[in-house]
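In the working numbering, the protein residues as written are 154 to 750.
The beta-carbon is built from N, C-alpha and C at its ideal position, and this holds for glycine as well.
Quick caveat, the model's predicted, so the values are computed rather than measured.
Following: one structure in C-alpha cells, then a few remarks.
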C-alpha cells in the first residue's frame, strides 16, 4: 500500500516485530532482515533501500553521545548547547550544517554557541599543499626540529584561526628565535642570579589580597617594578577577556608583546639591581617582581605552550613550595588585581618607550653604537603629557639611550631644517609644464612654517604666471634635514635628535665600555661562572692604556676584576687580542685566588 513508518528506537522495532532485537546491528545489511506486517494492508514492511548521508550521524552527535532521550536527560540539558566547536572551513556545508539543521528540527535552536572555522594551511610560499607538488610539510619534522610548543605557538599567533596561514619548518623556527628564546633567556637570567644569591620567594612581596585602591607596598616599589606589575595585571585582563571570547590569537599575541617588554625594557633596565653584591630592599623588590611576572606568564602560557609552562612552573614554584599544585595545569587561572595597576605610569612608560625608540633610530642613522655615550638627546613632543612622561622617567631615558642630558624643544628648527616640495607624481601630472615653477614658488616660502601647516593638515596657495595654484597637504612632501652635529628620527609628530659631537671624555668612556664588553665575552669563553672574581691583564696602545687608568674602577666593577695589571698574562690565562678604533690591545683573564674552581 506504500505506507511508510519512521521507527524511533529499538524498543519500538521490537514492539512491531515481536522479537528480541537487543543484539541487532542496526546497519545494513543486518537490519534488512527485520520485517513485520503492515497494520493497514497486511503486507510485509521492509527497510527502505536508501542509506542516509553519513553527515546525519555526525549531526546527531549532540544527542547520540548521551543516548538521549532514552538516557542521561539531565546530563544532556547541562551540556546542550555546546559552548564551542571547531573544524576546517569545508565543514560549513558538512558537520556545521548538519548539526545546525538537526538541532533546529528537534529543538528550534542551534546546538553550539561558538564556532571557529579554521583556514587552510599553506606552504612557505603561500601555495596550497599537495603531494603531487612535493610541498607537504611533515609535522613531525617540525616537532623534532623545534618542539611541539613552538609549533602550537606559531599556529596560535601567525594569524587568526579563520585565515589561511603559511607553514614551514623555518617559519616555526622564527617563533623559537623571536619568542621562545627571549622568554627562556629571561627565565634563565632570573634562575641564575636567584641561585647565586640564594633568593627564595617568601609569600607575596606585594599584598594583592587588599581591596584598597592604593596598595601601600605597591606604591613604595620603584617605578620600574610598578610599571611591569601593572602591565602584568593588564595582560591577565586582556588574555582572560580574549579567551572568554574564544579569540586565541588575541590572547596569545599580548603575551608575546609582554615578554618582549619584560626582556628588552624591564630586565635591561634592572640588570644592575641583580648584579649588586649587597642584598638590599631594591634588589629584593627586583627579584620578587620578576618572579611574579615569570610565574604568572607560565600560568597564562599553559593552554598555549603546555610543556614550557610546566617546566617553568615546576622549577619556580614546586621546587620551593611543597604545598603548591604539582602542575601548572592544576593551578587556578590568574586573576587581575586592579590595586596593582597604575594606568598613568603605564601610559607614561609606553610614551617614553616610543620616544626612546626614536632616539635609537637617530643613533642608528648616525652609525653610533649604543656603547658610545653621547652628550644629549633632544625631543620634540606632541603635548604636555608626553613632556611630563619624559621628565618623570628621565633616569630611564638617559640610561636607555646612553646620553648625559635630555632637552624638550619647543622649536624643532634648532636641530633640523625643513624642506617642503610638491610631489612630482601628483603635482607634475596635474600641472605639467608649470611644475618647475610651482616647485620654485614653494621653495621661496618659509619652510619651517610651511612644514608646520602641512603637518597640521593645511594646504597652501602659490602664484605662478599670474595663476593661483592650490596645493593640498597630500600634494606636498616634508623632509627634515638634520643640522650639522645632530642625527634625527621623526615619526607621528614626535622627533628625537642626538648630538653626534663626541668629546674626548665621551670617547674615552666609550672605549672603556668597549673594553668591558670584550672582557665579559672572554669571561664567558673561558667558562667562568657569573659570580667568579678575576684578574685582568692588559697590554695596549697608549690611548687604551690611558682608558684602563682613568676608568679602572668602572672596568673592575663591571667585569668583577679584583685587579687590572698592565703586562704579560700568566700561561694559564685565557688570552685574546683585539683592535678597537685602530688601537691594539691584548687581554688575559684568570680566576682570582678567592674564586673556587
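Residue closest to residue i, alpha-carbon to alpha-carbon, out of the options
i	options	result
residue 300	211, 460, 392	460
residue 246	212, 165, 627, 701	212
residue 697	261, 671, 619, 606	671
residue 318	687, 280, 385	280
residue 194	154, 422, 218, 338	154
residue 676	613, 234, 639, 729	729
residue 735	282, 664, 225	664
residue 446	611, 543, 414	414
residue 695	458, 661, 512, 709	661
residue 506	548, 578, 724, 576	548
residue 401	312, 421, 336	312
residue 720	469, 742, 733, 185	742
residue 328	467, 298, 347	298
residue 473	546, 347, 591, 436	347
residue 325	352, 291, 341, 316	291
residue 334	349, 739, 315, 303	303
residue 751	562, 634, 594	The question about residue 751 has no answer here: the residues shown for the chain are numbered 154 through 750.
residue 480	489, 490, 397, 462	462
residue 181	164, 166, 202	202
residue 323	448, 315, 295, 338	295
residue 691	681, 731, 683, 684	731
residue 746	455, 733, 716	716
Residue i vs residue j beta-carbon contact at 7 angstroms
i	j	result
residue 604	residue 631	yes
residue 439	residue 416	no
residue 613	residue 638	no
residue 378	residue 442	yes
residue 596	residue 557	no
residue 523	residue 560	no
residue 712	residue 669	yes
residue 687	residue 744	yes
residue 573	residue 648	no
residue 693	residue 727	no
residue 169	residue 189	yes
residue 343	residue 274	no
residue 392	residue 404	yes
residue 209	residue 309	no
residue 752	residue 465	Here the chain comprises residues numbered 154 to 750, so residue 752 is not present and cannot be evaluated.
residue 265	residue 235	yes
residue 628	residue 580	yes
residue 262	residue 332	no
residue 226	residue 191	no
residue 490	residue 386	yes
residue 714	residue 674	no
residue 172	residue 185	no
residue 590	residue 617	yes
Assumed close pair residue i, residue j - CB separation to whole angstroms, cut-off 8 angstroms
i	j	result
residue 354	residue 419	The pair is not a contact, with the Cβ atoms about 18 angstroms apart (cut-off 8 angstroms).
residue 509	residue 550	6 angstroms
residue 642	residue 518	6 angstroms
residue 478	residue 389	About 18 angstroms separates the two Cβ atoms, so there is no contact after all.
residue 215	residue 237	Going by Cβ atoms, the distance from residue 215 to residue 237 rounds to 13 angstroms, so no, they are not a contact pair.
residue 241	residue 270	7 angstroms
residue 546	residue 502	7 angstroms
residue 626	residue 607	5 angstroms
residue 198	residue 158	7 angstroms
residue 433	residue 375	That belief does not hold up - the Cβ atoms of residue 433 and residue 375 are roughly 12 angstroms apart, past 8 angstroms.
Residues that DSSP places opposite residue i in a beta bridge
i	result
residue 620	617
residue 741	690, 728
residue 522	In the DSSP output, where bridge partners are listed per residue, residue 522 has none listed.
residue 644	647
residue 633	571
residue 533	648
residue 241	271
residue 527	556
residue 717	689
residue 736	733
residue 561	532
residue 235	265
residue 639	652
Residue i beta carbon near the ligand ADP (any heavy atom closer than 6 angstroms)
i	result
residue 674	Absent from the structure shown: the ligand ADP. Ligands present: none.
Test: residue i CB closer than 7 angstroms to a CB of chain B
i	result
residue 574	No chain B is part of this structure, which consists of one protein chain only.
Inset, instruction - Would you mind listing the alpha helix (DSSP H) stretches within the region 292–375 that are 4+ residues and don't spill past its ends, in chain order? - result: 292–299, 301–310, 322–328, 334–350, 369–372
Legend entry - Complete runs of the alpha helix (DSSP H) confined to the region 262–289 [at least 4 residues]: Secondary structure remark: continuous alpha helix (DSSP H) runs of at least 4 residues inside the region 262–289: none found.
Legend entry - Length at least 4, wholly inside the region 164–213: the alpha helix (DSSP H) runs in chain order: The alpha helix (DSSP H) runs lying completely inside the region 164–213 and spanning 4 residues or more are 207–212, given in chain order.
Inset, instruction - Run through the region 383–464 for me and flag every whole alpha helix (DSSP H) of 4 or more residues, listed as ranges in chain order. - result: 401–414, 421–428, 434–454
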